[in-house]
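Undergrad: Got a structure for you, written out below as structure tokens; questions coming shortly.
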Amino acid sequence: MVTRHAGRSTRGADMQGHAMSVLGLTGAEEDVYRYFLRHPRTPARAIHGVFSFGEQRATRVISRLRDLRLLHGDDESTWATEPCVAVPRLVEEQLEAMHRTMRQLTDPWPVLRSLQRDRQDPVPQLSGTADGPGAALRRLEDLREVRAHIDELAFGVQEEVLVAEPYDALSPESMAHGRPIDVRCLRRGVRIRNLVRASALEDPASLSHLRGLHADGARIRVADELSELVLVYDRHTALLPIDLHDTARGALRIEESTLVGSVISLFERMWAAATDFAELTAPGAGQLALLSEAQQRVLTFMCTVSKDEVGAQRAGMSLRTYRRHIADLLRMLDAGNRAQAALMARERGWV
Numbered sequence: 004m005v006t007r008h009a010g011r012s013t014r015g016a017d018m019q020g021h022a023m024s025v026l027g028l029t030g031a032e033e034d035v036y037r038y039f040l041r042h043p044r045t046p047a048r049a050i051h052g053v054f055s056f057g058e059q060r061a062t063r064v065i066s067r068l069r070d071l072r073l074l075h076g077d078d079e080s081t082w083a084t085e086p087c088v089a090v091p092r093l094v095e096e097q098l099e100a101m102h103r104t105m106r107q108l109t110d111p112w113p114v115l116r117s118l119q120r121d122r123q124d125p126v127p128q129l130s131g132t133a134d135g136p137g138a139a140l141r142r143l144e145d146l147r148e149v150r151a152h153i154d155e156l157a158f159g160v161q162e163e164v165l166v167a168e169p170y171d172a173l174s175p176e177s178m179a180h181g182r183p184i185d186v187r188c189l190r191r192g193v194r195i196r197n198l199v200r201a202s203a204l205e206d207p208a209s210l211s212h213l214r215g216l217h218a219d220g221a222r223i224r225v226a227d228e229l230s231e232l233v234l235v236y237d238r239h240t241a242l243l244p245i246d247l248h249d250t251a252r253g254a255l256r257i258e259e260s261t262l263v264g265s266v267i268s269l270f271e272r273m274w275a276a277a278t279d280f281a282e283l284t285a286p287g288a289g290q291l292a293l294l295s296e297a298q299q300r301v302l303t304f305m306c307t308v309s310k311d312e313v314g315a316q317r318a319g320m321s322l323r324t325y326r327r328h329i330a331d332l333l334r335m336l337d338a339g340n341r342a343q344a345a346l347m348a349r350e351r352g353w354v
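Heads up: the sequence shown runs through residues 4 to 354, numbered per the working numbering.
Structural data, given as structure tokens:
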């Protein structure tokens, strides 16, 4: 017996929900289709006594099912298309719709260009055209605007993103905003090279974030001395802070080829001198893996050279930086003086 129920029969869909929703049918449409499968050659108006939706809605449901060629006949005698015919047809139609959507998503530029034509750009243009996209240098003085430009550039990047983050710890806001963008880029096959400070590895949240980014496919290196904040997209557009000591003041968006080339050269030099993140964080790597390449050089010269001036020169760094590394090594070895540190380093096989 079929009883009246709010929107569907108690026998509809075998009490397992609306399985045909994936094929593009609403719950009401599936219920009516199933009803005529069970009661072929019955009048269309028969559903009024079975389902609780009104006459107008019932008329719309039956009309759409007929448009989909799932119902046949007339108002006095209606029957359903055989499932072995109906389901493959619906699957094919859904796949065609998905392919159309995918083709549109892979070429979003017409939509983007249309929206940009309607956009009033309040950003002062320092050079280039007044339309914005052709500007060689733009000053972005609002952090919300900076993030909007990052989103735009990440959306359009095709090959590579270069990132240098000179922070002792990455901010929660930066990680929350950047992670989804990075993941989307990596999934599209975009290369990401990320430079971070060694001190960032001592912050648990930053280290966890970097591990996740590395696992997703980003290449990460760790630099002892990193003071430049850099973002470069496809070697074409760079973002640099207006004030490195106060990034809240905004950023410069640079598209002038010579300036961008200089930023890339700086990044490549820092990248070449940095240590691979995987080497520093490999399980069981031991304390030696925690030493950066620069620290390992300083340790070697500290144990073999008596004068700091000579050691700093051979290590290729300033005397101040050389001595700062020595202080860090003493702390890491828990040594009271350099002689004790040299002895302990030799005992541990560090030199």
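Cβ coordinates follow ideal geometry from the N, Cα and C atoms, glycine included.
#1: Are the beta-carbon atoms belonging to F357 and L213 less than 8 Å from one another?
#2: Consult DSSP for D32 and reduce its assignment to one of helix, strand or coil.
#3: Hey, how far is the Cα of A277 from the Cα of L322?
#4: So, does the segment 160-178 touch the segment 219-236, judging by three or more C-beta pairs under 8 Å?
#5: Give me the Cα-Cα distance between E79 and P46, rounded to the nearest whole angstrom.
#6: With distances taken Cα to Cα, identify the nearest neighbour of D206 among D227, S174, R196, R182.
#7: Could you check whether the segment 249-268 touches the segment 218-226, counting it as contact only if at least three pairs of C-beta atoms, one from each stretch, sit closer than 8 Å?
#8: Under 8 Å between the Cβ atoms of F304 and G319?
#9: Answer yes if the segment 22-40 comes into contact with the segment 50-63, meaning at least three C-beta pairs across the two stretches below 8 Å, and no otherwise.
#10: Using only alpha-carbon positions, find the residue among V199, R190, M335, T284 that is nearest to A172.
#11: So, under 8 Å CB-CB, R317 and V308 are touching, yes? Tell me the CB distance rounded to an integer number of Å.
#12: May I ask you to report which of helix, strand or coil DSSP gives D246?
#13: Could you name the residues of the same chain whose beta carbon sits closer than 6 Å to that of G76, not counting the 5 residues immediately before and after it, in chain order?
#14: Pull up the distance between the alpha-carbon of L140 and that of L243, whole angstroms please.
#15: Please determine if the segment 142-162 and the segment 259-277 are in contact, where contact requires at least 3 C-beta pairs separated by less than 8 Å.
#16: Do A221 and L189 count as a contact pair if the criterion is CB distance below 8 Å?
#17: When DSSP labels each residue in this structure, what does A218 get in the three-state scheme?
#18: Can you tell me whether M101 is buried or exposed, with buried defined as 16 or more other CB within 10 angstroms of its CB?
#19: Judging by CA-CA distance, which residue of E312, L26, S117, L210 is the nearest neighbour of L283?
#20: Rounded to a whole number of angstroms, what is the C-alpha to C-alpha distance between R326 and C306?
#21: By the DSSP assignment, the alpha helix (DSSP H) with L269 in it spans what residues?
#22: Can you give me the C-alpha to C-alpha distance between Q97 and L26, rounded to a whole angstrom?
TA: Concretely, from the data shown:
#1: The first residue shown for the chain is 4 and the last is 354, placing residue 357 beyond what the model contains.
#2: Here residue 32 is Glu; the residue named in the question, Asp, does not match the sequence. The answer is helix: DSSP assigns E32 an H, G or I state.
#3: Cα to Cα, A277 sits roughly 20 Å from L322.
#4: Taking a cut-off of 8 Å on C-beta distances, the segment 160-178 touches the segment 219-236, as three or more cross pairs fall below it.
#5: C-alpha separation (whole angstroms): 4 Å.
#6: Taking the Cα of D206 as reference, the smallest distance to any Cα among D227, S174, R196, R182 is reached at S174.
#7: No, they do not touch.
#8: Going by C-beta atoms, F304 is not nearer than 8 Å to G319.
#9: At 8 Å Cβ cutoff, the stretches touch.
#10: If we check each option's Cα against that of A172, V199 comes out closest.
#11: Indeed they touch by this definition, with Cβ atoms about 7 Å apart.
#12: Of the three classes helix, strand and coil, the one that applies to D246 here is coil, per DSSP.
#13: Correct list, in chain order: W82.
#14: Answer to the nearest angstrom: the Cα atoms are 11 Å apart.
#15: Verdict: no, contact absent.
#16: Their beta carbons are under 8 Å apart, which means L189 touches A221 by this criterion.
#17: Helix at A218.
#18: Counting Cβ neighbours within 10 Å, M101 comes out exposed, since fewer than 16 surround it.
#19: Considering only E312, L26, S117, L210, the residue with the shortest C-alpha distance to L283 is L210.
#20: Rounded to the nearest angstrom, the gap between the Cα atoms of R326 and C306 is 13 Å.
#21: Counting along the chain, the alpha helix (DSSP H) containing L269 begins and ends at 260-276.
#22: Straight-line measurement puts the Cα of L26 at about 6 Å from the Cα of Q97.
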